[in-house]
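One structure is given here, and the rest of the page talks about it.
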Amino acid sequence: MSGRSSFVSRLKNVMFVCSQTELSQNLQQLSEKARSTTEFIQRLKGMADKVNVSTKTFSLSECRFKRRRLG
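Each residue of the sequence shown is one higher than the one before, starting from 15 at the first, in my numbering.
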């Protein structure tokens with residue numbers, strides 16, 4: 015193998031390793047964003063559940079209050 019083809023071969027290997035490293039870093043960042051988004055969605059669902067419970071509780075309280083005023 016000539017010096018030039020050996021250099022080109024090594025350069026290709028370095029470029030491949032660099033692209034693999036960059037790909038790995040990008041995948042890691044994407045995974046972290048997905049995890050963060052999943053946690054955010056879970057918090058939103060929890061908040062929605064609390065609002066639904068609070069709304070039902072308020073509605074029941076309002077009905078009881080109206081019955082007392084009428085009764």
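Where a beta carbon is used, it is the ideal one built from N, C-alpha and C, also for glycine.
Between which two residues does the alpha helix (DSSP H) carrying residue i extend?
i, result
"S68", "G17 to L84"
By Cβ distance, which residues of its chain are closer than 8 Å to residue i, with the 5 residues on each side in sequence left out?
i, result
"T69", "none"
"L44", "none"
Under 6 Å Cβ to Cβ from residue i, same chain only, skipping five residues before and after it: list those, please.
i, result
"E76", "none"
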